[in-house]
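Have a look at the structure below before the remarks.
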Ligand SMILES: Cc1cc2nc3c(=O)[nH]c(=O)nc-3n(C[C@H](O)[C@H](O)[C@H](O)COP(=O)(O)OP(=O)(O)OC[C@H]3O[C@@H](n4cnc5c(N)ncnc54)[C@H](O)[C@@H]3O)c2cc1C
């Protein structure tokens, strides 16, 4: 079998290629800036896309690569990847299986698994889909000793124009690879109050994250720190949830955590059904105590 894998994030290409390389020949496509993250993915061919990337010109470049020569096209489910998957599906008439976090291919049929009902159940589907979008972080990438044949393609021009580039956040963040996450919910009350959590983030050497209201509705934290169904899926060793009620859409993003510690002043909050250690109380009183203990 022959697979085309695309992501604008090199690490996601390596995750998917690691899963596929024992099943057949993998041709990986990514942005030129992501080359280093894909070199050891075990891909037979690596196509680097050079130029400013938009959904239109990247899908045009992929469509020119004779997609009919591939059994399946795997695209990581990043915002750009989802757009591209839609365009390719519409232009080729091939169906998409979306948001898979695992899959098997048997006798030419693909069987995908994805979360359903806001992450409460898993939907297993056998379809005729030829395009699959894969949730980032679904597979552990491993290095292969084989080097790919490289090719660089200049992206075609695009009616979209890049006017300005802004850093999302000084220093950037990648909560998906964090070992310890301190996550705040609406219970934190204000943007200013997040500073009171900083000593805990420092003491645990963790990364700060948040629920959707905190990251998307109030913008107390940047969007890239949102955990959940419509945010990032994280798998830290320890996930500390502060003032988070534990709705299923949030749980869908942190279910893979090894140990979950929850602090909530409502003893009936659903997060207590999901945690290993639960503390009923005001987070502003509990956090300094945790920091004190950790410093000892
Ligand atoms: C399609 C869809 C996608 C969604 N995707 C996401 C997603 O990706 N991520 C996500 O998080 N949500 C998502 N949501 C929203 C989700 O349904 C919840 O609304 C959200 O998770 C609630 O966030 P929260 O727990 O921060 O706030 P709340 O539900 O308001 O909970 C706040 C909690 O803080 C506690 N609290 C208050 N003050 C304190 C204090 N001083 N000390 C301790 N505890 C305190 C309260 O008891 C309460 O339990 C999605 C919803 C939909 C419909």
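Numbering (our numbering), first residue to last: 72 to 367.
Ideal Cβ positions, reconstructed from N, Cα and C, are used throughout, including at glycine.
Note that the structure is predicted; figures quoted are calculated from it, not measured.
Residues sharing a beta bridge with residue 194, DSSP
185
Note down, in chain order, each residue of its chain lying with its Cβ closer than 8 Å to the Cβ of residue 124, except the 5 sequence neighbours on either side.
79, 102, 151 and 226
Quick check on residue 337: does DSSP put it in helix, strand or coil?
coil
Euclidean distance between Cα positions of residue 322 and residue 148:
19 Å
Which runs of the alpha helix (DSSP H) fall wholly inside the stretch 293-346 and span at least 4 residues, in chain order?
319-325
So residue 23 is in the beta strand (DSSP E); what residue range does that whole segment cover?
Any property of residue 23 remains undetermined from this structure, which presents the chain solely from 72 to 367.
I need the boundaries of the beta strand (DSSP E) containing residue 221, first residue and last residue.
220-225
Would you list, in sequence order, the uninterrupted beta strand (DSSP E) runs of no fewer than 3 residues that lie entirely inside the stretch 207-292?
220-225, 251-255 and 278-281
Classify residue 74: buried if its beta carbon has 16 or more other beta carbons within 10 angstroms, exposed otherwise.
buried
Note the first and the last residue of the continuous alpha helix (DSSP H) segment covering residue 355.
354-366
Below 9 Å between beta carbons: does that hold for residue 163 and residue 202?
yes
Given residue 128, which residues of its chain have a CB within under 6 Å of its CB, disregarding the five upstream and five downstream residues?
226, 227 and 229
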